[in-house]
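If you read the sequence shown in numbering that gives the first Met the number 0, its first letter stands for residue 0, the second for the next number, and so on.
Just so it is clear, CB atoms sit at the ideal spot from N, CA and C, and this is done for glycine as well.
The model shown is predicted, which means the values in this text are computed figures rather than measured ones.
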Amino acid sequence: MNKEGNNNKIVYENLAPCCACKVSLDYLGDKWILIIIRDLFRKRYTFTHFFNESSEGIATSVLADRLKKLYEIGVIDYKHLDNNNKNKNYYLTDRGIELYDIIFALQLWTIKNVDFTYSENTTKWKSQIENQDHLIVKANFKEEYKLFRKEMFGF
């Protein structure tokens with residue numbers, strides 16, 4: 000389920016005909032996967048950041064498992080930025096950055112269809128996207144992350 004084929008795509012192990020939505024949910028359908036991806040876009044990049052700075056309260060074993068899964072399918076990678084090889088600093092790969100469109104769509108759908116108390120981040124995000132072309136907003140956000148990745152990780 001996680002090997003890459005000759006065309007740099009993830010090779011899905013089930014050879015039977017499948018719906019693309021089902022396949023994507025097999026990889027990304029866990030809520031913690033999307034929370035981790037969201038947090039990476041928020042420039043959280045260490046295990047400690049994910050564990051301590053997210054209000055959702057993910058268990059350390061679940062966090063470790065989901066980071067491993069995201070790494071195996073090429074959505075994230077990591078570098079050691081200091082002399083301590085125990086500290087992994089995670090970042091979104093180009094494949095991972097493509098997932099911002101999904102995060103954007105989920106957030107937009109929720110704001111339009113669910114009555115809830117907005118977090119500070121949701122309030123800020125909503126005000127940023129109002130009266131703007133969503134294609135431009137998404138492109139700018141992805142470019143902003145790429146600039147962060149270049150500054151932080153060197154590429």
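Residue environment, residue i, which counts as buried when at least 16 other CB atoms sit within 10 Å
i: residue 108; result: exposed
i: residue 101; result: exposed
i: residue 66; result: buried
i: residue 95; result: buried
i: residue 115; result: exposed
i: residue 140; result: buried
i: residue 89; result: buried
i: residue 117; result: exposed
i: residue 146; result: exposed
i: residue 18; result: exposed
Reduced DSSP category for residue i - H, G, I as helix; E, B as strand; rest coil
i: residue 91; result: strand
i: residue 72; result: coil
i: residue 47; result: helix
i: residue 117; result: coil
i: residue 85; result: coil
i: residue 144; result: helix
i: residue 11; result: coil
i: residue 125; result: helix
i: residue 42; result: coil
Expected contact under 8 Å - CB spacing of residue i and residue j to nearest Å
i: residue 62; j: residue 75; result: Not quite, the Cβ-Cβ distance comes to about 12 Å (not below 8 Å), so this is no contact.
i: residue 123; j: residue 110; result: So it is not a contact: roughly 12 Å between Cβ atoms.
Alpha carbon of residue i to alpha carbon of residue j, nearest angstrom
i: residue 48; j: residue 71; result: 21 Å
i: residue 56; j: residue 80; result: 26 Å
i: residue 97; j: residue 39; result: 13 Å
i: residue 105; j: residue 85; result: 34 Å
i: residue 50; j: residue 6; result: 35 Å
i: residue 158; j: residue 29; result: Given a span of 0 to 154 for the chain in the structure shown, any question on residue 158 remains unanswerable.
i: residue 32; j: residue 138; result: 22 Å
i: residue 131; j: residue 53; result: 28 Å
i: residue 83; j: residue 16; result: 45 Å
i: residue 148; j: residue 35; result: 16 Å
i: residue 121; j: residue 112; result: 14 Å
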